[in-house]
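As you go down the protein sequences, you meet chains A, B and C in turn. With positions in the first sequence counted from 1, the corresponding number in our numbering is that position plus 112. With positions in the second sequence counted from 1, the corresponding number in our numbering is that position plus 7. With positions in the third sequence counted from 1, the corresponding number in our numbering is that position plus 1. Where is the CB? At the ideal position from N, CA and C, for every residue including glycine. Computed from a predicted structure; not experimentally measured.
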Amino acid sequence: MDTRTNLSEFFINRLIKASGYSAIIFVIMIFYFLLNEGAATLSEVKLSTLFSTRWYPIEGYFGILPLISGSIVVTVGAILVAAPIGLSTAIFMSEIAPRWVREILKPLVEILGGIPSVVLGFMGILLLSPLLRQALNLPTGLTALAGSILLGAIALPTIVSVSEDALDSVPRSYRDAALALGATQWQTIWRVTLPAARSGVLTAVMLGIGRAIGETMAVMMVTGNAPVMAKGLGALFQPARTMTATIAAEMGEVANASTHYHVLFFIGIILFLISLGINVTASAVLFRQRKRSERILS
Amino acid sequence: MNNSTSARRAITQKIGFGVITLVAALTALLILLLLGYILVQGLPAINWEFITAFPRDGMRAGGILPAIVGTFYLTLGTAIVAVPLGLGAAIYLSEYASDNRWTRLIRLAIVNLSGIPSVVYGLFGLGLFVLFLHFGTSILAGSLTLSIMTLPVIISTAEEALRAIPQSFRVVSISLGATRWQTIRRIILPQALPGILTGIILGLERAAGETAPILFTVAAFFLPRLPHSPLDATMALPYHLFVISTQVPGMPVKIQYGTALVLLAFVLSMNLTATVIRSRARARRQW
Amino acid sequence: MDKIIVDHLFISYSDGTESLRDITLKVPAHAITVLFGPAGGGKSTFLRVLNRLNDLADVTLVSGKVLIDGINILDPKIDVNALRRQVGMVFARPVVLPMSIRGNLTYGLEIAGERRPAVLHEAVERSLRLAALWEEVQDRLDEPAIALSGGQQQRLCLARSLALQPEIILLDEPTSGLDPISTGKVEATLQELKKDYTIILVPHSVQQAARVSDYAGFFLQGELVEWAPGKAIFTKPTDKRTEDYVEGRFG
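Encoded structure:
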């Protein structure tokens, strides 16, 4: 082979290697830029103000606790909706449904996953909020509950597909052994299959949580955008504001390099760290599960 | 075991199965209803004018052409950056990288990128592309932002497609005197192409539907002309839907549904294409 | 005339465990040399030293030389790709590339830069005739190679190596997955080929080794225990360990 081919191949190999490492560079860049703009917050805003319960930027109140509370309330609500439904659907698809039903249901859930969140938010405004207002006799339908329902729909496909994978990968021999001992299919699912798939299901829920916390448009459109601290269970039926919605709604009207601007970036850092924590934990759980099953099966 | 225990167990199973089946059925039904409702409500708005004309009367009439064109440009721009970069990274991870600390770091980085909320990408895009690099609110800034966001999806699906190719092909190719790149170019890539394509399309599908990353980096409320350079801002379908459903009083519901339908059709047709590619490839596998 | 001279070769795995210990032997040209022994003996590792396929795995050279026509192929400066064209390999399971029969055969030449259609076509026919496969596939050269039977696929793999006109052919249990008829065809082909090529074969049974060998070496746990011309090693082995293995007392 002539040296010309060798030279071009040398360059190609370099390019490929550079592409591989680009992911690291991007993460560092993102963190750096967030830090760059967000860290200024700590010098411009007192910590006590930052972690107070009043978010009213126009008058200088930058308390982010109501925003965090809003995110938590909406996310918890979303998981309360999505986890049982998602797990049930996954169990149905993996253990109960005949093949042809599965072939229909799986793409359908995938389609749900493909629906842009702005479309769901739009449906939430036109259909869901009025429905909630009437059904629950509330002053307004734009509440945390509406956000939770939409977020649940958005997190559902993630929970279903990861759970289904986890259930599928439980070795057939486990089920067969339980059935051979006289257990019913139902008992087998609850006492054998599900526990065996435990870490995969946990990962699914964690990834669902990650998806929900990071969601912007749907919640921004239906939760009413009132930054109030959650006080008890009733918070679900009141308007709320998430961290993500705050950034999206206010970044457009903010002066460059103002304190408000910096605080929004600071919130971005918090979101970045939360999603980092969730994803790293989820990957670690998956990794440990794989190691454990490798040991068992070897 | 006596009869009452087994009878009780049978009833428990019946109830349990029944509940689960009901939940799954309701889920499926709701998804279908959702899609159907948008279709039914939005179809009356779709006509030739809607797709080819500019909005009039503060968006309350006319068409959504600039939004459609804008989304198309953004998707194209994202593809131009994310595909080579993502494919290169996938090839590196699958064919070149050994299992050492650096490789684990790369994978960690990819996991992180995939978890970052889309609005944080918007912030990043604002900080780096719009402001620091002075690209301004532009298709360039928006595409670059969306590209980085799309990268993890492309990398992981492409890597999976590459790894699915039997290792024996690589060994045979090398034993015939081929270099690693020759093996990749002539055997591995062509065979993995359907899987890679599926991943690319799914990634681009997500990029096309996202609003938060483009809010501060490219989206414009209304522009009287179509963009003619990457440094122009543009309208886009997701942002347009957001605006007309929340910011414009007196917006006819029909137009809102029509816009939603167009966006949905754009995104779901990509989904369908990816699925078709995936199933046809499975049938034609040569190993 | 010795084609390959192996001089005190030591090979180990990346974690330090020994793979081949002090291998010294001479492989004559234009003959079938058989390397036999129980699993894990190092035969496959040894074959893969000869075409430097070990470079792909976590195997390292500790010391020693392997000379082919007087050139040490373990020298990092030699052109490994050219070596692999010169030393062809057929594996235990037939691995046809995901392309047509013709594509499989021209792959090696195209990799090396050969583009002329006449040359490529001549190589296709020549190698298929050598592998005794021409008659069976001449009408369907453009069909996917995966459509062939197991025995045909393996002969295609042999033809694929032959298309590059190697001087040495390595075969690692080439008939282990084949029925007796296909096995017979392959063994007959090797007898024909040895007139022009140097053949090293790892058999999948002692019986096969006894059938085809002109020279034979017994590998046990990384060592070359015994080496002899002809079929004497199977009827009158000099080392007790060889005798035990040939008699079937272990394996």
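Mind checking residue i: buried by the 16 CB within 10 Å criterion, or exposed?
{"i": "C:Ser101", "result": "buried"}
{"i": "A:Ala347", "result": "buried"}
{"i": "C:Pro39", "result": "exposed"}
{"i": "C:Met2", "result": "exposed"}
{"i": "A:Asp114", "result": "With a pLDDT of only 48 at A:Asp114, under 50, the local geometry of the prediction cannot be trusted, and no value is derived from it."}
{"i": "A:Arg353", "result": "buried"}
{"i": "A:Phe163", "result": "exposed"}
{"i": "A:His374", "result": "buried"}
Using a Cβ cut-off of 8 Å (strictly closer), state whether residue i contacts chain A.
{"i": "B:Asn278", "result": "yes"}
{"i": "B:Ile58", "result": "no"}
{"i": "B:Ile27", "result": "yes"}
{"i": "B:Pro237", "result": "no"}
{"i": "B:Ser286", "result": "no"}
{"i": "B:Tyr79", "result": "Just to set this straight, residue 79 of chain B is Phe in the shown sequence, not Tyr. By this cut-off, B:Phe79 is not an interface position."}
{"i": "B:Ser125", "result": "yes"}
Does any residue of chain B bring its CB to less than 8 Å from the CB of residue i?
{"i": "C:Pro175", "result": "no"}
{"i": "C:Met90", "result": "yes"}
{"i": "A:Tyr133", "result": "yes"}
{"i": "C:Arg30", "result": "It should be noted that the sequence gives Ala, not Arg, for residue 30 of chain C. No, because no Cβ of chain B sits closer than 8 Å to the Cβ of C:Ala30."}
{"i": "A:Ser273", "result": "no"}
{"i": "A:Ala360", "result": "yes"}
{"i": "A:Phe349", "result": "no"}
{"i": "C:Leu159", "result": "no"}
{"i": "A:Thr356", "result": "yes"}
{"i": "A:Pro339", "result": "no"}
{"i": "C:Ala83", "result": "yes"}
{"i": "A:Ser410", "result": "The predicted model places A:Ser410 with a pLDDT of 46, which falls under 50 and marks its position as unreliable, so this point remains unresolved."}
{"i": "C:Asn52", "result": "yes"}
{"i": "A:Asp114", "result": "Its pLDDT being 48, under 50, A:Asp114 is placed unreliably by the model, and nothing is read from it."}
{"i": "A:Gly182", "result": "no"}
{"i": "A:Leu250", "result": "no"}
{"i": "A:Glu222", "result": "yes"}
{"i": "A:Lys129", "result": "yes"}
For residue i and chain C, any beta-carbon pair shorter than 8 Å?
{"i": "B:Ser182", "result": "yes"}
{"i": "B:Ala185", "result": "yes"}
{"i": "B:Trp188", "result": "no"}
{"i": "B:Trp294", "result": "yes"}
{"i": "B:Ser175", "result": "yes"}
{"i": "B:Val260", "result": "no"}
{"i": "B:Arg289", "result": "no"}
{"i": "B:Val179", "result": "yes"}
Any idea what DSSP makes of residue i, helix, strand or coil?
{"i": "C:Lys4", "result": "strand"}
{"i": "A:Arg211", "result": "helix"}
{"i": "B:Arg111", "result": "helix"}
{"i": "C:Gly65", "result": "strand"}
{"i": "C:Ile112", "result": "helix"}
{"i": "C:Tyr198", "result": "coil"}
{"i": "C:Leu225", "result": "strand"}
{"i": "B:Trp294", "result": "coil"}
{"i": "B:Asn119", "result": "helix"}
{"i": "A:Ala289", "result": "helix"}
{"i": "A:Gly172", "result": "coil"}
{"i": "C:Ile12", "result": "strand"}
{"i": "A:Lys218", "result": "helix"}
key: Members of the segment 317–332 of chain A near chain B, C-beta cut-off 8 Å   = Gly322, Ile325, Gly326, Glu327, Thr328, Met329
message = I'd like the ranges of any beta strand (DSSP E) spanning at least 3 consecutive residues and lying wholly in the segment 163–228 of chain B.
response = none
inquiry  = At a CB distance below 9 Å, what residues from the segment 133–155 of chain B approach chain A? Give them in sequence order.
reply    = Leu133, Gly134, Leu135, Leu138, Phe139, Ile155
request  = Kindly provide the ranges of any alpha helix (DSSP H) runs that are 4 or more residues long and lie completely inside the segment 55–89 of chain B, ordered along the chain.
outcome  = 55–59
task = Mind checking the segment 192–203 of chain B against chain C and listing, in chain order, the residues whose C-beta falls within less than 9 Å of any C-beta there?
result = If the cut-off is 9 Å between Cβ atoms, the segment 192–203 of chain B has Arg193, Ile194, Pro197, Gln198 near chain C.
key: Interface positions of the segment 208–242 of chain B facing chain A (Cβ-Cβ less than 9 Å), listed along the chain   = Leu209, Glu212, Arg213, Ala215, Gly216, Glu217, Thr218, Ala219, Leu222, Phe223
request  = Can you check the segment 223–285 of chain B for any alpha helix (DSSP H) of at least 4 residues that lies completely inside it and give the ranges in chain order?
outcome  = The qualifying runs are 244–253.
key: Every unbroken beta strand (DSSP E) inside the segment 33–77 of chain C [3 residues or more]   = 33–37, 60–69
request  = Name, going along the chain, the residues of the segment 294–313 of chain A whose beta-carbon falls closer than 9 Å to a beta-carbon of chain B.
outcome  = Gly294, Ala295, Thr296, Gln297, Trp298, Gln299, Ile301, Trp302
ask   = For the segment 61–76 of chain B, which residues have a beta carbon sitting closer than 7 Å to at least one beta carbon of chain A?
value = none
ask   = the segment 97–119 of chain C: which residues have C-beta closer than 7 Å to a C-beta of chain B, in chain order?
value = Leu98, Pro99, Tyr108, Gly109, Ile112, Ala113
message = As an exercise, report each continuous beta strand (DSSP E) stretch of at least 3 residues that is fully enclosed by the segment 109–178 of chain C, in chain order.
response = 169–173
task = Using a Cβ-Cβ cut-off of less than 9 Å, list which residues of the segment 104–123 of chain B approach chain A; keep chain order.
result = Ala104, Trp109, Thr110, Leu112, Ile113, Arg114, Leu115, Ala116, Ile117, Val118, Asn119, Leu120, Ser121, Gly122, Ile123
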